[in-house]
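Below is one structure, written out as structure tokens; comments come after it.
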Amino acid sequence: MWNPIASSAVLIGHVALTRGAPFDVTGVSSTIFNDLNNPRIRNSSDTLLTVTILADTNRDGVVDTEGDSDYTRRRTWTSDSGALFLANIVDTGRRCSLKIQKSTPNEELEYCHDATDNVLRNAKFLAPVRTLPVVTPALSDKATGSITVMGKMAATKTRIFQKRGADWVYISSSHIFSAEELRAGLELGIDARDVRRPGGWDGKAMVQFTVKETGVVKAIDWVQMRVAPVLIHNHLQKAEALFVQSAFMMNTHKNETAMRFNSAQAKFVRDIDTIAREAGLPLFQFNDITNHDIWVQDFFEPGYMTIPGPDGPVGLRIMIRSAQRDRLGGRQVFQTLRSDTIGAVQHLVWGDTSDSMGNLETIPPYVHNGKRYPAGRAVMGSQAGIRPFIMEFLRAQEEQDPIELDTTWLFIGHADEFMQFLPHDSERGWVLVVSDPQAGIKLLQDATLVGHGGSNSHSRPIYPTDKESCFPASTIEDSLFIPHMSFIQDYCAKAIEQNIDIIKRETGITNKDIIRIPALFYVSDFENNMTAFHYHCRKSTASDDERDTVRGSSTPPRLVKKAIIPPYPDFKIPDERAAGTPLKSHGGQWTGPTLAAWQKKRKEEEAAERGKGKEEEDEGKEEEDKGLTYETLERLKSALPVGSFYPGSINSIVLSNSTVIAPNPWGPLVDGKDIFAEAVTAAYAKANYTVHFVDDWFSHFIGGGDIHCATNTLRDIKVSWL
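Numbering (mature numbering (1 follows the signal peptide of the UniProt record, and there is no 0)), first residue to last: -20 to -1, 1 to 702.
Written out as structure tokens, the structure reads:
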């Protein structure tokens, strides 16, 4: 610590402080320390000692030891000025990842990485720090120096290394530098042991350089630094790799556990792989058969952390586990994905479906009302006003301020079910893409008007690999006459429009920046076999295997998207996708009693309607939507939200600035053409995009998700966010 009762003058920066009463160094920093008019002195013939420590304060990728560009503002850190450094949380050689066992507690998963000890395994992630050579006559041979990170928390979260020849040596706060080293100048590097955390370390570190002589402080200088934020990708960043779950999994049936091969998943993987190969992208398959999770978009979000380097951004990838501590698939980001260039983090809480990362989208960079968002902004849906827990982590990064949407109207509740941002050749550089349920139902209505009402409502063929026997057998008219069908589309359209208004307000976009994709929605109730999938198949007989897959009996269901998260800490579902009871979100909606009350009321209404006679029953088909009461609307909104009626084409992979991979909607055929696929293709063509359709009917649509939910993407991190 600095001794204010010194025998001679102490120079802090370039201001001499004479011997006198003790004072608070922190207080001085707001006065003389920030006085940029003080002359800079490197060599002096007087007896005062000056020292200078520098980092890349102006963020140009190098430390300026010759000019003043990194000198004048080094002691303050702002959003547009101040040196940055990296959290060196990769796992070089995978020494930590390979130690993870099934029994390893969640809390211990991120405790081991390259920076948990004091060994430097990856020097490329060090941020440069320099001290100027101290060549004044005032530096005696007895002088010593030290480098300290001020503040207990910051000190425990950072590491300092000194370059000695070809090696880097760890420097503790008690390390003493000789006068000879001080005269030569110190070449240092800094990294962090952790990232910015909500309610914890904010990433700031004041690195102090102190010189003493015979135990008395002679000079002090410091530089303010901060660990870079963890950022999430936007679609303007080029895709570099795809992720998908393999077709192998462990399955328990009648108390017997064995490996199972999922033929629908295998076909899906092959189709994605074919397109990825054509695009020159590698496809990574998760092969953890114990923690098998087909919803690859949901259990993690690829992120990154970069700082300026001499030849462009330098950084690492950081895989962000979903804030769902009992989602076993999320453990794979630590056990499977970490490497010498990839780290992983987790925000361990009991998140529900809203904390799945499919609920996280990113607006590309933009400027609005004088505010710049060079890394874009996160977008997440809240249900009944309850925010996803992961938003706390995103806000702690202070760079991609999350925008909150309302997804209460959706059963799964994810933003990727109805919203997407596409790169576009325009002044803004991107467009908003949204689902349009009114356009979707109009496609069916128009087909009926021209005499195709009796045509099949779906066009999916039977493939040799299909094991399930449940295939769509309804007609277009059947779909239009499903109870409340038209009303639900209007209701969903209003919900989507309200969310569009939020994006407009936050970004300044107008209708010309929006592309609408035809879609249809309907109520989703997996517990009682009332989903879009069940309505499609109501005229056909499903096999026992298919019934097990969808709703659960002796075999735990493997596909239901929302049911993957156990709802309470003390309630463990044996299989990570097991269903059987309505799940409770942390907002309290969709609980068993709420759903049961809705179902009871619905059954009473249906029984009353049946007693009115055949004639009145027939008339009711056309009057049903018109006769909706406010109470019916509230039940639909609060108890039984909706899901996609056809595979949702907006739930797609943005492969490039001209290509998307979308789920095949398998819409009705009119004159030999799929009217939904044609309309989707035309909509994306407005932004000059080509659509590659992939079948996910039995692999994912059956469980409430589509292609975006089933995959994940690594994107280019060599982009500036400053």
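Backbone N, C-alpha and C fix where the C-beta goes; we use that ideal spot for every residue, glycine too.
Excluding the five sequence neighbours on either side, which residues of its own chain have a C-beta within less than 8 Å of the C-beta of methionine 230, listed in chain order?
-> Taking the first residue of the sequence shown as position 1, residue 230 is located at position 250. Here the set comprises Thr237, Ala238, Met239, Arg240, Ile269, Thr270 and His272.
Glycine 331 to proline 382 span [Cα, whole Å] | Sequence index remark: in the sequence shown, residue 331 carries index 351 (1-based). Sequence index remark: in the sequence shown, residue 382 carries index 402 (1-based). Roughly 17 Å separates the two Cα atoms.
Is threonine 136 helix, strand or coil when you go by DSSP?
-> Locating residue 136 in the sequence shown gives position 156, counting from the first residue. Threonine 136: helix per DSSP, three-state reduction.
Proximity test, Cβ basis, 9 Å: glutamate 258 and chain D | In the displayed structure, chain D is absent; only one protein chain is listed.
Alpha helix (DSSP H) containing aspartate 458: first to last residue?
-> On the sequence shown, residue 458 is found 478 positions in, with the first residue counted as 1. It spans 456 to 460 - the alpha helix (DSSP H) in which aspartate 458 sits, taken as one unbroken run.
What's the C-alpha gap between asparagine 668 and phenylalanine 401?
-> Here residue 668 refers to the residue found at position 688 of the sequence shown. Here residue 401 refers to the residue found at position 421 of the sequence shown. Whole-angstrom Cα-Cα distance: 14 Å.
With burial defined as no fewer than 16 other Cβ atoms inside 10 Å of the residue's Cβ, what is the status of isoleucine 442: buried or exposed?
-> Taking the sequence shown and counting its residues from 1, one reaches residue 442 at position 462. Label assigned to isoleucine 442: exposed.
Local conformation of residue 704 per DSSP, three classes = Residue 704 is absent from the model: the chain starts at -20 and stops at 702.
Could you check what DSSP says for residue 703 in three-state terms: helix, strand or coil?
-> The first residue shown for the chain is -20 and the last is 702, placing residue 703 beyond what the model contains.
Limits of the unbroken alpha helix (DSSP H) element including glycine 466 | Looking up residue 466 in the sequence shown gives position 486. A quick correction: the sequence has serine, not glycine, at residue 466. Counting along the chain, the alpha helix (DSSP H) containing serine 466 begins and ends at 465 to 487.
DSSP three-state assignment for arginine 307, whether helix, strand or coil = The residue labelled residue 307 in the question sits at position 327 within the sequence shown. Arginine 307 falls in the coil class under three-state DSSP.
What is the DSSP secondary structure of phenylalanine 248, reduced to helix, strand or coil?
-> Taking the sequence shown and counting its residues from 1, one reaches residue 248 at position 268. It is helical.
Report buried or exposed for lysine 137, applying the criterion of at least 16 other Cβ atoms within 10 angstroms of its Cβ.
-> Locating residue 137 in the sequence shown gives position 157, counting from the first residue. By the 10 Å Cβ count, lysine 137 comes out buried.
With a cut-off of 8 Å, do at least 3 Cβ pairs link the region 627 to 640 to the region 669 to 677?
-> yes
Isoleucine 655 - partner residues in DSSP beta bridges | Against the sequence shown, residue 655 aligns to sequence position 675. Per DSSP, none; premise fails for isoleucine 655.
Top-ranked residue by Cα proximity to lysine 492, from Ala499, Pro498 and Lys484 | For the purposes of this step, residue 492 is taken as the residue at position 512 of the sequence shown. Measuring from the Cα of lysine 492, the nearest candidate turns out to be Lys484.
Considering only residues of the same chain and omitting the five flanking positions on each side of valine 224, which have a CB-CB separation below 7 Å?
-> On the sequence shown, residue 224 is found 244 positions in, with the first residue counted as 1. Taken in chain order, the residues that qualify are Val249, Ile252, Leu263, Gln265, Val276, Ala690 and Thr691.
Valine 129 versus methionine 337 - alpha carbon distance = Position 149 of the sequence shown, counting from 1, holds the residue named residue 129. Position 357 of the sequence shown, counting from 1, holds the residue named residue 337. In a straight line, the C-alpha of valine 129 is about 35 Å away from that of methionine 337.
Where do the N-terminal and C-terminal ends of the beta strand (DSSP E) with valine 430 fall, by residue?
-> Your numbering for residue 430 matches position 450 in the sequence shown. Taken as a continuous stretch (DSSP letters only), valine 430 belongs to no beta strand (DSSP E), as it is neither H nor E.
Buried or exposed (CB count within 10 angstroms, at least 16 for buried), aspartate 396 = In the sequence shown, counting from the first residue as 1, residue 396 sits at position 416. Burial call: buried.
Within the same chain, show all residues whose beta-carbon is closer than 6 Å to that of serine 679, passing over the 5 residues directly before and after it, in chain order.
-> Residue mapping note: residue 679 aligns to position 699 of the sequence shown, counting from 1. Excluding residues within five positions, the ones whose Cβ falls inside 6 Å are Ala244, Gln245 and Phe248.
Let me know the alpha helix (DSSP H) ranges lying completely inside the region 338 to 421, each 4 residues or longer, listed in chain order.
-> 370 to 376
Quick one: is isoleucine 687 buried, meaning 16 or more other Cβ sit within 10 Å of its Cβ, or exposed?
-> As a first step, residue 687 must be located in the sequence shown, where it is residue number 707. With 16 or more Cβ atoms within 10 Å of its Cβ, isoleucine 687 is classed as buried.
Helix, strand or coil at asparagine 271 [DSSP, three-state] | Along the sequence shown, read from residue 1 onward, the residue named residue 271 stands at position 291. DSSP places asparagine 271 in coil when its eight states are reduced to three.
Taking only the alpha-carbon atoms, compute the straight-line gap between arginine 110 and phenylalanine 65 and give it to the nearest angstrom.
-> Against the sequence shown, residue 110 aligns to sequence position 130. Against the sequence shown, residue 65 aligns to sequence position 85. Using only the alpha carbons, I get a separation of about 14 Å.
Looking at the unbroken alpha helix (DSSP H) that takes in phenylalanine 189, where does it start and where does it end?
-> For the purposes of this step, residue 189 is identified with residue 209 of the sequence shown, where counting begins at 1. From DSSP, phenylalanine 189 is part of no alpha helix (DSSP H) but of the beta strand (DSSP E) over 184 to 193.
Between the Cα of arginine 301 and the Cα atoms of Gln312, Ala473, Gly180 and Asp320, which residue gives the shortest distance?
-> On the sequence shown, position 321 is the one that residue 301 refers to. Comparing Cα-Cα distances from arginine 301 to each of Gln312, Ala473, Gly180 and Asp320, the minimum goes to Gln312.
Aspartate 550 burial status per 10 Å Cβ neighbour count (16 or more: buried) | Taking the first residue of the sequence shown as 1, we reach residue 550 at position 570. In this predicted model, aspartate 550 has a pLDDT of only 34, less than 50, meaning its place in the structure is not dependable; the value taken from the coordinates is given anyway. Classification of aspartate 550: exposed, given that the 10 Å Cβ count is below 16.
What are the boundary residues of the alpha helix (DSSP H) that includes isoleucine 687?
-> Walking along the sequence shown from the start, residue 687 turns up at place 707. It spans 687 to 690 - the alpha helix (DSSP H) in which isoleucine 687 sits, taken as one unbroken run.
Got a sec? Which residues, its chain only, sit under 7 Å from threonine 455 by beta carbon, not counting five neighbours each side?
-> The residue you call residue 455 lines up with position 475 of the sequence shown. These residues qualify, in order along the chain: Gly433, Gly434, Ser435, Asn436 and Ser437.
Anticipated Cβ contact below 8 Å, alanine 364 with threonine 333, distance rounded = Mapped onto the sequence shown, residue 364 falls at position 384. Mapped onto the sequence shown, residue 333 falls at position 353. About 12 Å; that fails the 8 Å criterion.
According to the Cβ coordinates, are glycine 145 and alanine 208 closer than 9 Å?
-> Residue 145 sits at position 165 when you count from the first residue of the sequence shown. Residue 208 sits at position 228 when you count from the first residue of the sequence shown. Result no, Cβ atoms of glycine 145 and alanine 208 do not sit closer than 9 Å.
Could you name the residues that DSSP lists as bridge partners for leucine 222?
-> Stepping through the sequence shown from its first residue, residue 222 is reached at position 242. Leucine 222 pairs with Leu263 and Thr693.
Enumerate in chain order the residues of its own chain whose CB-to-CB distance from alanine 164 is below 8 Å, with the five nearest sequence positions on each side excluded.
-> The count along the sequence shown starts at 1 and reaches residue 164 at position 184. Cβ within range, chain order: Pro113.
For leucine 702, the three-state DSSP class (helix, strand or coil) = Residue numbering aside, residue 702 sits at position 722 when the sequence shown is read from its first letter. Coil.
Close Cβ partners of asparagine 242 (< 7 Å) along its chain, the five nearest in sequence each way excluded | Translated into positions along the sequence shown, residue 242 becomes position 262. Ala227 and Met229.
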